[in-house]
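Comments concern the structure below.
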Amino acid sequence: MGKVRAVVSEIAGTTRDPIDEQVELGGKTWRFVDTAGIRRRIKLAQGADFYASLRTAAALERAEVAVVLFDVTEPLSDGDIRIVDLALESGRALVLAFNKWDQMDDERRKYLEREIEQNLSHVSWAPRVNISALTGRHLEKLVPSLEVSLHSWDLRIPTGKLNTFIQELAMEFPHPVRGGKQPRILFATQASTRPPKFILFTTGFLDPQYRRFIQRRLRESFGFEGTPIEISMRVREKRKR
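Residue 886 is where the sequence shown starts when you use our numbering, and the numbers rise one by one after that.
Following this line, the structure appears as structure tokens:
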């Protein structure tokens, strides 16, 4: 970002404590919290790694959007994936920033795309930005990605519009019959935003695959680029006569 803010090293894991900094980007002031990377899986982390992971999780709780920074000159690590998952678990908007893009050759670029497909397919909805933090290359592209992710994170679908979408979807793609019964969606509501959370009132349990299908169609119809969305069910039991 054009400032010296911390002692760093080529050795991974040098930065441990989160560092706050206000940065001017796109005519706005953004507060960035630079957190430590996580080199090991949380369950295996010890000492400084363990406490760095706790501080990273605490920083995410204070944030609205997580910008996960990847060093493209290195293979994606378990720590990289774990930070993405921490952002998801905290319900934050998400942007994936691939740093040192100017140092990558064609061979590494092809391999990186395979890594992304294998390890980050569960966040394919997150905007991707290719940057160089050292030279400032394409840093301005962060702003549109941040803004669209935050907009999606705070997006609310009107109840009428949501139920029209659900009814049309269920008519075209009804839930498979299970055990001689076919669960139906009675109606839906959006319980909250930041992140968007939806509740489906149903006559029976919906398969996880079907819920993922609804989630995918919600994204296709309403956007939600850059934000996780949650779908839960409330099964209405038949009243006894």
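For every residue, glycine included, the Cβ atom is placed at its ideal position computed from N, Cα and C. All of these numbers come straight from a predicted model, not from anything done at the bench.
Measuring alpha carbon to alpha carbon, tell me which of the options ends up nearest residue i.
i, options, result
"Gly1111", "Gln1067, Ile1084 and Pro1012", "Pro1012"
"Thr1088", "Glu909, Arg1104, Lys1066 and Glu1105", "Lys1066"
"Glu949", "Ser962, Leu973, Ser938 and Trp1010", "Leu973"
"Asp963", "Ile1114, Gln1003, Ile1084 and Glu1032", "Gln1003"
"Glu959", "Met989, Glu1122 and Val1014", "Met989"
"Leu961", "Ala944, Ala942 and Leu981", "Leu981"
"Phe1050", "Ser1030, Phe1072 and Gln907", "Phe1072"
"Met1056", "Gly1045, Leu1047, Ile1070 and Pro1043", "Ile1070"
"Phe983", "Arg994, Arg977, Ser975 and Gly976", "Arg994"
"Val1120", "Thr920, Arg1096, Arg1097 and Leu1091", "Leu1091"
"Gly911", "Leu1031, Ala951 and Arg947", "Leu1031"
"Ser1106", "Pro1059, Lys1046, Glu906 and Glu1122", "Lys1046"
"Thr1020", "Arg1096, Ser975, Asp991 and Asp987", "Asp987"
"Ala944", "Ser1009, His1007 and Ile904", "Ile904"
"Leu954", "Asp919, Met1118 and Glu992", "Asp919"
"Gln1052", "Glu909, Leu979 and Leu1085", "Leu1085"
What residue does the beta strand (DSSP E) around residue i start on, and which one ends it?
i, result
"Arg1128", "The question about residue 1128 has no answer, for the chain in this structure spans 886 to 1126."
"Ser962", "Ser962 -> no beta strand (DSSP E), and no H or E assigned at all."
"Leu1091", "Here Leu1091 belongs to no beta strand (DSSP E), and DSSP marks it neither H nor E."
"Glu906", "Ile904 to Leu910"
For residue i, report the span of its alpha helix (DSSP H) as first-last.
i, result
"Lys1082", "Counting along the chain, Lys1082 falls outside any alpha helix (DSSP H), though it belongs to the beta strand (DSSP E) covering Lys1082 to Thr1087."
Is the shortest distance between the beta-carbon of residue i and the beta-carbons of chain B less than 8 Å?
i, result
"Phe1109", "Here chain B cannot be found, since the structure has a single protein chain."
Let me know the secondary structure DSSP gives residue i once reduced to three states.
i, result
"Leu954", "strand"
"Arg1079", "coil"
"Arg1102", "helix"
"Glu1122", "coil"
"Glu946", "helix"
"Leu929", "At Leu929, the pLDDT of 45 sits below 50, so the modelled position is not reliable; the number obtained from the coordinates is stated separately. Here Leu929 sits in helix by DSSP."
"Gly1108", "coil"
"Ser1117", "strand"
"Arg940", "helix"
message: Give the list of continuous beta strand (DSSP E) stretches no shorter than 3 residues that lie fully inside the stretch 969-1016.
response: 978-984 and 1013-1015
message: So, does the stretch 1050-1070 touch the stretch 960-973, judging by three or more C-beta pairs under 8 Å?
response: no
message: Please give me, in chain order, every unbroken run of the beta strand (DSSP E) with length at least 3 that falls completely inside the stretch 1004-1075.
response: 1013-1015
query: If you pair each beta-carbon of the stretch 1025-1043 with each one of the stretch 1101-1118, do three or more pairs fall below 8 Å?
result: yes
query: So, do the stretch 1100-1108 and the stretch 989-1000 have three or more beta carbon pairs nearer to each other than 8 Å?
result: no
query: On the three-pair Cβ rule with 8 Å, is the stretch 1078-1096 touching the stretch 1037-1052?
result: yes
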